[in-house]
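Chains as they are written, first to last, in this note's numbering: chain A, 22 to 530; chain B, 22 to 530.
Number of protein chains: 2
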Amino acid sequence: MTDAPSRRRERTRGARSTGPSLAPLPRLANPWAPLEVLSAEQVERILNAAFQILEEAGLEIRSPAARAIYAAAGALVDEESQLVRLGRELVEAQLAFTPERFVLHARNPERHLHVGDNVVNFGPVTGAPNIRDQEGGRRYGDLEAFRNILKLTHRLGVLHWQGGIVVEPVDVPVAVRHLATYQAHIECSDIVWAARGIGGIQAEDAIALSAIEHGCTVEALASRPTLMTVTNVNSPRRVDEEILDNILVMARHGQCVVITPFTLMGAMAPVTLAGALVQQTAEALAVVTLCQLARPGTPCVMGGFTSNVDMRTGSPAFGTPEYVHAVIAGAQIGRRLKIPVRTSAVNASPMVDAQSTYETAFSLQAAILSNSHLINHAAGWLEGGLSASLEKIIVDAELLRNWAEILKRVEFTDDDLAVEAIKGTAAGGHFFGASHTLARYESAFYRPLLSDWSNFENWRDAGSRNATERATTIWKKMLTDYVPPPLDPAVRDAVADYVARRSAELSAA
Amino acid sequence: MTDAPSRRRERTRGARSTGPSLAPLPRLANPWAPLEVLSAEQVERILNAAFQILEEAGLEIRSPAARAIYAAAGALVDEESQLVRLGRELVEAQLAFTPERFVLHARNPERHLHVGDNVVNFGPVTGAPNIRDQEGGRRYGDLEAFRNILKLTHRLGVLHWQGGIVVEPVDVPVAVRHLATYQAHIECSDIVWAARGIGGIQAEDAIALSAIEHGCTVEALASRPTLMTVTNVNSPRRVDEEILDNILVMARHGQCVVITPFTLMGAMAPVTLAGALVQQTAEALAVVTLCQLARPGTPCVMGGFTSNVDMRTGSPAFGTPEYVHAVIAGAQIGRRLKIPVRTSAVNASPMVDAQSTYETAFSLQAAILSNSHLINHAAGWLEGGLSASLEKIIVDAELLRNWAEILKRVEFTDDDLAVEAIKGTAAGGHFFGASHTLARYESAFYRPLLSDWSNFENWRDAGSRNATERATTIWKKMLTDYVPPPLDPAVRDAVADYVARRSAELSAA
């Protein structure tokens, strides 16, 4: 399987264009010390309270298999209430097995996902029931929309993994839906993708298909993980059986488990930031402990999704000041525990406008500056996650591409200091024609994907289109220009055969 | 002159409302270490090159009076070319007089402007020739628009000074225009305002009127400064006579001079970030030196406005990655020199949409995280400064108010850790009715000015209005509800008399 020629073409095309280069961006790293909002003492107070919750209240673990694993390790398990209480020593002993950093392997060897340290990774919107765009309006997701989002995120080059259920393809029967999405992931892109986060069968099929994609056995995947599952605690303090089944299959196969409590302050968690963080930490630690008990060394990521609600309506809010503090604090807690952290770039806006942009900008900024490792929902999320928007994908990609430039270290040579160029330019003159300028201007500046810097008259005469309207033109052209990544025909066929066989089995069941 | 009752009313009204509180926000401080993009060694390389420019190339100083001051201090002055070259020792000796921190005094004693340390100050758009709003479209500014912007920025409570020429009132004759704007500043708000940044007469009238506003002599203002002038170098390396006249009047009266080179990379400055920073630093230092020579101890602020241009069209761009690096680097250079720093929150978008929002968000974030002290254009700037937009004022105010919350230190009590509330809430339950929630929910979260967190159906049924359209409703209501701040009638009359007398004199001249 060789895909080098195709990628060379992509790079050349990007470099020649006068527009933005869409060649895949190199691995991103945060060059700065992480931004912190808690003192070390505050982190310990939250941790102590979280351990107190695990010991004294515990979690409702709605899977007999998972309860048996906890019980065998010495947890206090009440089979009637299904409550599992965990001592601090038990949890800390398992945390010692949790890797501080790990790699998820992509089919494209240049796009492996490094999780940990100061590496920044972006993933697209996931979990949206609706698809939205300016032309088609708001409607239930389908497989075409699902594949279109994958094509865009592949083409944009700035997403580091493909997400999982980027939009719910409701035209595919539930029993076999996961198979269609996995096939789409393998066909539409060549970077890391995620299993559906609910159900054991769904995890098993993801692992089987990933082994086919990577040309190896399921057993071999365990030492060279490729997959993640991104799933939730049913906060407060409950984990459903289908989620536990999913987690246990992934963990037993050495694949990455991203566990995110859903702790909306004042609704599913205490109204205080500190209280919500206590609950978030306790819930995540319970699941990380289970993963390590199932298979020591399972790559785990602690998710944070703490935000506030509008206390008048109960509606969730995102990108708020409380959200920003929760993201940064959550990353601090993860660093203290030496577990990688997942956050999100999210908003609660009903449309792609100024609000959706500032809410996403605030949450994205917090996610990046906090040094979190997986930034989910970073392109296309709208309406608190109820819609995936094609225009929002383009707006967000512009934000992400700007950030990728901002995170580059500032370097300069003595020539870049331009002393001779400044001395050689007359007072009141300009540098347009200076040799110092001409030698550098083609690659001097970031070239935007979406931004329009025309003057008012030119912009008006071109139709007075706002950024959202321009984004429609961009995603449509990207879908037209889309070229699938290289895929060995034998692998493609084997994937199709597997999906056909399993679809028949699951439809008959 | 007592305005306490009015401010008490304002606070009470804010606290009772279910909407956002618009009471003036307390002084903002950045609780974090400043974000830095340059190493200490890189800062020194830039400084050394800047001093080399000052020594070997110098600045064209188009005022005989200013050249005489430089010459008397030992600078090399060429009267024919008007070039003034400054040795490093001369400049550094004057920098020693420049205050690292200072206070500009407002009529409202609760709204003094603290410049320096980690205090963050926001000012509105200034210098725009056009006014724009959704209803009136784009048109030349006038005095009504000027006063409306002042009323909004006063009412919003999140701006720390009133700006100067927030929009150009072209309906007032140029000769007397500054007088009308100063009168508006004094009548419409009670916080610090800025003199027009061009012309000696304009500075003298500002000082005379500020003395009337503050009930003191012009001489007394020098030891208790009230005013700033925000003005530019005509980069590269030229300062016009009218600007120098303005600066010298302000400096001699001990008022604050904010000097900002206009260093667009590739146009009025080298195409490289390092080169543009060298030029920006050299130009600003030349003017700071002049201010100290005119009056040692003059409060000065080093401005940075380095950004890139679209190299295909020459159009300026703002809020770009290059802009972000320039802002942060400029603040580092100011810290190294112990001079407060002015930056901006700006964009190049042709309308109030997603682009204007992310460009402003990027530049604002850089300005705040860099620990710069005066953040100009932070509400209402559009189209690279060619328009002041009333809707953009509202969108930006939401950004600023969010930042004011984000910058608050995270504090919590043991009760806030909510251990008992978590233990007392059933697994899978909710916290809506918990006593821990009920005791706190009213003041738990930031209340937005503009954000709409309705679900899709409610938002659609209410008219599907985007944030820009909602902003129109908000600014119109704010203008309707506007109440001017307290102003002693004797002061009001004295201001009107001065403006009438000087207008007659200047019209006759």
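The C-beta atom is built at its ideal place from N, Cα and C for all residues, glycine as well.
Sub-8 angstroms separation of residue i and residue j beta-carbons
i: Gly-20(A); j: Leu-180(A); result: Residue coverage of chain A in this structure runs from 22 to 530, which leaves residue 20(A) outside it and unanswerable.
i: Ala-375(B); j: Pro-337(B); result: no
i: Val-362(B); j: Ala-350(B); result: no
i: Ala-418(B); j: Leu-177(B); result: yes
i: Ala-297(A); j: Met-286(A); result: yes
i: Pro-371(A); j: Trp-480(B); result: yes
i: Leu-248(A); j: Ala-205(A); result: no
i: Leu-116(A); j: Gly-79(A); result: no
i: Pro-342(B); j: Asn-476(A); result: no
i: Val-260(B); j: Ile-82(B); result: yes
i: Glu-262(A); j: Ser-84(A); result: yes
i: Val-270(B); j: Gly-221(B); result: yes
Neighbour-count burial assignment, residue i, 16 or more Cβ in a 10 Å radius
i: Ser-102(B); result: exposed
i: Glu-234(B); result: buried
i: Ser-304(A); result: Correcting the residue type first, residue 304(A) is Glu in the shown sequence and not Ser. So Glu-304(A) ends up on the buried side.
i: Ser-244(A); result: exposed
i: Tyr-344(B); result: buried
i: Ser-408(A); result: buried
i: Lys-413(A); result: buried
i: Arg-522(B); result: exposed
i: Thr-501(A); result: exposed
i: Pro-194(B); result: exposed
i: Lys-172(B); result: buried
i: Asp-331(B); result: buried
i: Glu-404(B); result: buried
i: Tyr-161(A); result: exposed
i: Arg-198(B); result: buried
i: Ser-464(B); result: exposed
i: Leu-459(A); result: exposed
i: Arg-122(A); result: exposed
Same chain only: Cβ atoms within 7 angstroms of residue i, ignoring 5 sequence neighbours per side
i: Pro-52(A); result: Leu-428, Arg-430
i: Thr-302(B); result: Ile-67, Leu-68, Ala-71, Ile-354
i: Thr-319(B); result: Ala-272, Gly-275, Val-278, Cys-312, Gln-313
i: Pro-120(A); result: Gly-318, Pro-320
i: Val-188(A); result: Ala-149, Ile-152, Gly-162, Ala-166, Phe-167, Ile-170, Ala-409
i: Leu-421(B); result: Phe-143, Val-179, Ala-399, Ala-400
i: Tyr-519(A); result: Ala-229, Leu-230, Ile-233
i: Pro-41(B); result: Arg-468, Pro-469, Leu-470
i: Arg-159(B); result: Asn-151, Arg-153, Ser-408
Contact set for residue i: own chain, Cβ-Cβ below 8 angstroms, skip 5 residues either direction
i: Ala-525(B); result: none
i: Thr-252(A); result: Gly-218, Ile-219, Ile-264, Asn-267, Ile-268, Val-278, Val-279, Ile-280, Thr-281
i: Gly-137(A); result: Pro-120, Glu-121, Arg-122, Phe-123, Pro-361, His-394
i: Val-191(A); result: Pro-150, Tyr-161, Gly-162, Asp-163
i: Ile-396(A); result: Val-141, Asn-142, Phe-143, Gly-144, Arg-363, Thr-364, Ser-365, Ala-366, Leu-385, Ala-388, Ile-389
Contacting residues, own chain, Cβ-Cβ under 6 angstroms from residue i (five flanking each side not counted)
i: Arg-32(B); result: In this prediction, Arg-32(B) scores a pLDDT of 36, lower than 50, which makes its location untrustworthy; no coordinate-derived value is stated.
i: Thr-327(B); result: Thr-284, Ala-297, Gln-301, Ala-347
i: Val-367(B); result: Phe-339, Ser-384, His-398, Trp-402
i: Ala-442(B); result: Ala-455, His-457
i: Tyr-503(B); result: Lys-172, Arg-176
Neighbour list for residue i in chain C, Cβ cutoff strictly below 9 angstroms
i: Leu-80(B); result: Although the question refers to chain C, the structure presented lacks it and instead comprises the protein chains A and B.
Segment contact, 8 angstroms Cβ cut-off, at least three pairs: the region 350-362 of chain B with the region 434-445 of chain A: no
contact_flag[the region 390-409 of chain A, the region 103-116 of chain A] where n(CB pairs < 8 angstroms) is 3 or more: no
Segment contact, 8 angstroms Cβ cut-off, at least three pairs: the region 56-73 of chain B with the region 487-495 of chain B: no
Touching by the beta-carbon criterion (3+ pairs, under 8 angstroms), the region 256-276 of chain B and the region 288-299 of chain B: yes
Touching by the beta-carbon criterion (3+ pairs, under 8 angstroms), the region 204-217 of chain A and the region 130-146 of chain A: yes
Cβ contact check for the region 464-476 of chain B and the region 141-157 of chain A: 3 or more pairs under 8 angstroms: no
Ranges of the alpha helix (DSSP H) found wholly within the region 248-304 of chain B, counting only runs of at least 4: 262-273
Unbroken stretches of the beta strand (DSSP E), 3 residues or longer, contained in the region 86-124 of chain B: 97-99, 104-106
Meets three-Cβ-pair contact criterion under 8 angstroms: the region 377-384 of chain B and the region 84-91 of chain B: no
Any alpha helix (DSSP H) of 4 or more consecutive residues that is wholly inside the region 423-457 of chain B: 440-444
Beta strand (DSSP E) runs wholly inside the region 348-433 of chain B, at least 3 long, in chain order: 362-365, 395-397, 408-410
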